[in-house]
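A quick write-up on the structure given underneath.
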């Protein structure tokens, strides 16, 4: 069995354990796609920025959060990002988000054994 298959087996086992314990789930939707599961990692990339120019009423405020990682009830990992931009006169708000299933190449990591970072996060999720 290769490393990715071992990781996938762990994900399936964790989902089974979380279901058995009745752990609370979160639901995230984007463009008619809904993922139900458990938050594995919140990431650390919240941002907020306000930009002004000399023109009257010309301003923009941008905020958002990238890469909330969710273990779906289907034992797949998903990345969810959201943000918004607001500004102008009259004020206009534009919201955006993305939800995508992570592939093996997204989970390998930069250090340690392949999948080791997410393996540790999944193991901790059972106890959180």
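In our numbering, the protein residues as written are 10 to 137.
For glycine and all other residues, C-beta sits at the position ideal for the given N, C-alpha and C.
For a test of the three-state rule: what should DSSP assign to residue i, helix, strand or coil?
i           : result
residue 113 : helix
residue 25  : helix
residue 82  : coil
residue 120 : coil
residue 133 : helix
residue 41  : coil
residue 62  : coil
residue 69  : strand
residue 20  : helix
With a CB to CB cut of under 6 Å and the five nearest residues on each side skipped, what residues in its chain are close to residue i?
i          : result
residue 45 : 34, 36, 82
Applying the criterion that 16 or more other CB atoms from any shown protein chain within 10 Å of the CB defines a buried residue, is residue i buried or exposed?
i           : result
residue 136 : exposed
residue 20  : buried
residue 23  : buried
Which residues in the same chain have their Cβ closer than 8 Å to the Cβ of residue i, if we skip the five residues on either side of it in sequence?
i          : result
residue 49 : 78, 79, 80, 86, 127, 130, 131, 134
residue 97 : 66, 67, 68, 69
Let me check understanding here. Comparing Cα to Cα, which of the options lies closest to residue i?
i          : options            : result
residue 76 : 39, 26, 88         : 88
residue 90 : 119, 70, 40        : 40
residue 47 : 25, 106, 94, 96    : 25
residue 95 : 115, 69, 112       : 69
residue 38 : 112, 120, 121, 106 : 106
Once the 5 residues before and after residue i are set aside, which same chain residues still bring their CB inside 7 Å of it?
i           : result
residue 117 : 123, 124
residue 110 : 85, 87
Alpha carbon to alpha carbon, how far is residue j from residue i? Give it in angstroms, no decimals.
i          : j           : result
residue 30 : residue 99  : 50 Å
residue 17 : residue 114 : 13 Å
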